[in-house]
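Chains A and B, in that order, give the protein sequences. Position one of the first sequence corresponds to residue 633 (the numbering used here), numbered consecutively onward. Position one of the second sequence corresponds to residue 64 (the numbering used here), numbered consecutively onward. Glycine is no exception: its CB is placed at the ideal position from the N, C-alpha and C atoms.
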Amino acid sequence: MANYFNTLPLREQLNQLGVCDFMDNSEFLDGVEALKGKKIVIVGCGAQGLNQGLNLRDSGLDVSYTLRKEAIEGKRDSWKNATENNFKVGTYEELIPSADVVVNLTPDKQHTAVVNAIMPLMKKGSTLLYSHGFNIVEEGMQIRKDLTVIMVAPKCPGSEVRAEYVRGFGVPTLIAVHPENDPERKGLAQAKAYCVGTGGHRAGVLKSSFVAEVKSDLMGEQTILCGLLQTGSILSFDKMVEKGIDAGYASKLVQYGVEVITEALKHGGVSGMMDRLSNVAKVEAFKISEELKDIMRPLFEKHQDDIMAGEFSRIMMEDWANGDKNLLAWRAETGETAFEKTPAGDVKIGNQEYFDNYLLMVAFVRAGVELAFETMVEAGIKPESAYYESLHETPLIANTIARKKLFEMNRVISDTAEYGCYLFDQACKPLLADFMKKVGTDLVGKNFNEGKDGAVDNSELVRINEILRNHEVEIIGTKLRKAMTAMKTIKTA
Amino acid sequence: MRQVIHISNLGLRFQNKSVFSDLSWTINRGENWVLGGESGSGKTALAKILTGKQSASGEVEINFETESNLPAQVLFVESWYQFKNVEGVANFYYQQRYTSQQAKETLTVNAELAHFGKEENLNFSDAEKLLKALGFSGLRDSQLIELSSGEHKKLQLVKALWLKPQLLIIDQPYTGLDIASRKSLNTLLDNIAKAGVTLILISNDEELPTCINRFAEIEDGKLVELESAKEITVIKEDFERTLPEFLKQSPIYSSSEIAKMIDVNISYGDKQVLKNINWEVKAGEKWLLQGHNGSGKSTLLSLINGDHPQSYANELYLFGNKRGSGESIWDIKQHIGLISPEFHWYFDATATVWDSVASGLYDSVGLFQQLPYTKAKHVDELVAYFGLTEYKKELLSSLPLGKQRLVLLARTVIKNPELLILDEPCQGLDKQQTAQFNQLVDELSHHGMTVIYVGHFEAQLPSCLTKKIVLKDGEVIANEEIIKNRILEEAYSIVE
């Protein structure tokens, strides 16, 4: 199979990368009508599968699950999830032939095998729904011409998809129709109806394309979302231990710090996060984040270039074919880091202390979010798509680190994200070696404001605030966040 | 030392308001106190000061008995217990306990108790007796998320009674407990008092353990001692007396059949929580639903409110339509106003009072839309009716629990629904507030609203109820007309 994006002429590449439309509420007035009475069959019943299915059924739609024979016979967790909530469950042969919409919610790595198994069973004119476009765009999966191919991707973990729906809201969602597979021109109407069924229409829906989703998703998750948070966490922890800060304290500061810091990012963007600092601290965080941006920019650009060229996915698929040799080695390495092995100490760290004593992470987050966003936009991805794949998802990933550190993060994210995260982390750490030599405990471990009188130069502060607030990620972010004002605060620690 | 506690010149201010000024209190050994008073008078704050969770000016002296074999500790059982999942996060939603999920989010009761026992060096066999006495043994393998509010209360009480600290303070010990559990609790409290525990109960109840021998309330920031629990002041709430016009309209029924269940069964794994339920509720009927803690009441109601995933596999008709025939849960909820202790528990307390009431129009937790002018006016009228106008811009979380409950009660009736589901609606309210709310229910039902009411205590029921269904261990053991003046005895007999 050839990389789909690379088969397109440049004009069409740009055309598909540029699909980006933040949809108005009025586009969803038809509700779930386009799927009413249709048989929706979901492949896989993990967190996304189960919770999306619960929502769709509660919206009056006909939902059942199909699982592999072994999962049914072995009464695996996916089978229990579905049957104990009274869903009909059957094998591919039993359920796919009568399905109007087949929803593929299996892990990315299994897509080729799953789609090859179900496609021959799908009835003429039915719809195949993905929540990630890797299989279509990077692996170049060819779907039968009579089938409609759409994407609906809720931009939150499965448990949130359910929690937000039952409280009468939803989670931001991205939808797309694959232009090669829309023979009856019904793809968009069905994607919108699916969105209403899961509650996504209430929290902001972005119409994108398979291409734009994949190229921005791969970039976001490996650079800012997972890679940089991993690099920053490990370097910060090691620095504190090196400088004699109590290891238990350091472990707690790093584990929960990203979450607390990015919670401010979620509500007020980069400037909202920076505003949590005192003026002197903000000036310092600005300076070091500028420096970090300069150091890391070539690496971000290389990652984006490799993603656009299909080089990243080619190498990753080689590793898949090689029994995940690199992935497993990197995973083991992450599990062995001192940060991972040091439990969080039994010390109380106040909310503000996470900012004041962890300036370095604030700088990492600003540098990473802005760089990822800038690099994506330069590559032809629209600002709205770039926002979702950089700033929007950062707090969600930080939340998984707070739960159980990096190992948990890497377990929860997709295989492609995990692979990309390690790839980035491996390259980024040596790049920052010189920078880290200069870092002291005032930036990580101790309160930066201590012993300073807090005075700053007026014009410098004004200039910094202007730069922060006028960045494009802030301007687009302000608009998009308005649509999701009702997002709940995540409570930890 | 004879004195267990000696407080003098205690002062506390909260948001520019004086809570305590110059408060004094001495508790001697052998004394067990009840502390009553109005919602918001500072009872909980005083308890928190004694446990060191709240600082204040003045002197607070606690003298533990060094000879005693009881732990030298003050334990405070809060009225609002927030459990967390295994990752330390407390993000739950109200319908979660009905959904079956293989990825386990919370600890089991057993694991929770084992953890507590280990931390406090306790003997597990002592806990067994308490579990039995409070009718809790059957729940040992349940996850915390699966417990009802009454069951969570019991779990907290089991821990406290097991630990037997030298000083035990319990905030609202009876909330959510059925009558039998309440009696057992009083016996258990008498036992630990005999063993040397000094008790402070924060409660406005009159049926107290016999060991209680001192009574007080907080008035104008000072402690006032009383002769008995009967003397605890009940403040008249400024409920406006005339019902807003929009609530005098009879609800428009889409069907004369509100709910019909035919051989309904619900189980989680091997545990069956509802067995062969047959029940029919017709438009305009007023039902009382009773049963002991854990008898399946909430599960039964969740079927009617569209909250239970297993309703799709049962023969269930709501508002004339078969469940699972293409309706959405929002189609169902628009006919219903619901409140339950669990709903309050999981409600988003970061919303304002006004928004919380208004969200009832859309059955959402949090308000996500603009209200049309007439609806906004209805919200204003109802907020005024409940005496909440001065709080309307405050966050729900900043109000005392009793007031929060009033807000959610207003939310329940805001859309003048066809069906009111009131699951222990008056938990946390005092007698006066309860009487007033029940009078509202009577008035609404007079205009034709259908009512399903869950309540353990006869004194707390509205008079409009005419039919009764009683559950025991998931089965219907009575489905009949209520014979007036006999509710009291019946209410007791079902749990014994």
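Discussion item. Counting only Cβ-Cβ distances shorter than 7 Å, please list the residues of the segment 703-734 of chain A near chain B, keeping chain order.
Written reply: 709, 712, 713, 716, 717 and 718
Item to complete: Could you name the residues that DSSP lists as bridge partners for residue 343/B?
Response: 323/B
Fill in: Cβ shell of residue 1061/A (< 8 Å), same chain only, five flanking positions each side left out
863, 866 and 867
Discussion item. By the 7 Å beta-carbon criterion, what residues does the segment 784-803 of chain A contribute toward chain B?
Written reply: 795, 798, 799, 800 and 801
Discussion item. Using a Cβ-Cβ cutoff of less than 6 Å, which residues in the same chain neighbour residue 682/A once the five nearest sequence positions on both sides are dropped?
Written reply: 713
Discussion item. By the DSSP assignment, the beta strand (DSSP E) with residue 736/A in it spans what residues?
Written reply: 733-736
Worksheet item: Would you say residue 281/B and residue 107/B are within 8 Å of each other, going by their C-beta atoms?
Response: no
Worksheet entry | Cβ of residue 756/A within 8 Å of any chain B Cβ | no
Worksheet item: Between the C-alpha atoms of residue 472/B and residue 676/A, what's the straight-line distance to the nearest angstrom?
Response: 41 Å
Discussion item. Check this for me: beta carbons of residue 241/B and residue 273/B, under 8 Å apart or not?
Written reply: no
Fill in: For residue 206/B, the three-state DSSP class (helix, strand or coil)
strand
Worksheet item: Got a sec? Which residues, its chain only, sit under 7 Å from residue 325/B by beta carbon, not counting five neighbours each side?
Response: Once the five neighbours on either side are set aside, the close Cβ partners of residue 325/B are 341 and 378.
Discussion item. Quick test of your reading: residue 762/A and residue 736/A, contact by CB under 8 Å. State the CB separation rounded to the nearest angstrom.
Written reply: Right, their Cβ atoms sit about 5 Å apart.
Practice prompt. With a 10 Å radius around its C-beta and 16 neighbouring C-beta atoms as the bar for buried, classify residue 1094/A as buried or exposed.
Written response: For residue 1094/A, the number of other beta carbons within 10 angstroms of its own is below 16, and it is reported as exposed.
Worksheet entry | Given residue 503/B as reference, the closest of 164/B, 485/B and 245/B once Cα atoms are compared | 485/B
Worksheet item: Just by C-beta distance, which residues in the segment 112-123 of chain B are closer than 9 Å to chain A?
Response: none
Discussion item. I'd like to know whether the C-beta of residue 978/A is nearer than 8 Å to at least one C-beta of chain B.
Written reply: no
Worksheet entry | Terminal residues of the beta strand (DSSP E) in which residue 70/B lies | Note, residue 70/B: beta strand (DSSP E), 66-77.
Worksheet item: Are the C-beta atoms of residue 668/A and some chain B residue less than 8 Å apart?
Response: By this cut-off, residue 668/A is an interface position.
Discussion item. Given the structure, does residue 332/B come close to the ligand NAP, in the sense that its CB is under 7 Å from one of the ligand's heavy atoms?
Written reply: Annotation note on the ligand NAP: not contained in the displayed structure, which lists no ligands.
Item to complete: Provide the residue(s) that pair with residue 80/B in DSSP beta bridges, ordered along the chain.
Response: 77/B
Fill in: Outcome for residue 554/B when other beta-carbon atoms lying within 10 angstroms are tallied against a minimum of 16
Reliability of the predicted coordinates at residue 554/B is poor, the pLDDT of 46 falling under 50, and the value obtained from them is presented with this limitation in mind. So residue 554/B ends up on the buried side.
Discussion item. For a contact defined as C-beta to C-beta under 9 Å, what are the partners of residue 1113/A on chain B?
Written reply: Those do not exist, as residue 1113/A stays about 14 Å from chain B at its closest Cβ, beyond 9 Å.
Practice prompt. Check whether the Cβ of residue 692/A lies closer than 8 Å to any Cβ atom in chain B.
Written response: yes
Item to complete: Mind listing the chain E neighbours of residue 372/B? Cutoff is C-beta to C-beta under 9 Å, in chain order.
Response: Among the protein chains of the structure shown, namely A and B, there is no chain E.
Worksheet entry | residue 121/B versus residue 73/B: straight-line alpha-carbon distance, rounded | Pairing residue 121/B with residue 73/B, the inter-Cα distance amounts to about 4 Å.
Worksheet item: Quick one: complete alpha helix (DSSP H) runs, 4+ long, within the segment 108-196 of chain B?
Response: If we require 4 residues or more, the alpha helix (DSSP H) runs fully inside the segment 108-196 of chain B come out as 172-183 and 187-196.
Worksheet item: In the segment 1009-1038 of chain A, which residue ranges form an unbroken alpha helix (DSSP H) of at least 4 residues, counting only runs that do not cross its ends?
Response: If one requires a minimum length of 4 residues, the alpha helix (DSSP H) runs lying completely within the segment 1009-1038 of chain A are 1015-1019, in chain order.
Worksheet item: From residue 718/A to residue 339/B, what does the alpha carbon distance come to, in whole angstroms?
Response: 17 Å
Worksheet item: Whose Cβ in chain A lies nearer than 7 Å to the Cβ of residue 198/B?
Response: Those do not exist, as residue 198/B stays about 26 Å from chain A at its closest Cβ, beyond 7 Å.
Practice prompt. Note the first and the last residue of the continuous alpha helix (DSSP H) segment covering residue 469/B.
Written response: 464-476
Worksheet item: At a CB-CB cut-off below 7 Å, which residues of chain B make contact with residue 834/A?
Response: Under a criterion of Cβ atoms nearer than 7 Å, the residues of chain B adjacent to residue 834/A are, in order, 431.
Worksheet item: Helix, strand or coil for residue 494/B per DSSP?
Response: The answer is helix: DSSP assigns residue 494/B an H, G or I state.
Practice prompt. Let me know the secondary structure DSSP gives residue 1121/A once reduced to three states.
Written response: With a pLDDT of 43 at residue 1121/A, under the threshold of 50, the modelled position of this residue cannot be trusted; read the value that follows with caution. Three-state result, residue 1121/A: coil.
Worksheet entry | Backbone secondary structure at residue 809/A - three-state DSSP | strand
Worksheet item: Using CA coordinates, which residue listed in 203/B, 233/B and 445/B is at the minimum distance from residue 268/B?
Response: Nearest C-alpha to residue 268/B among 203/B, 233/B and 445/B: 233/B.
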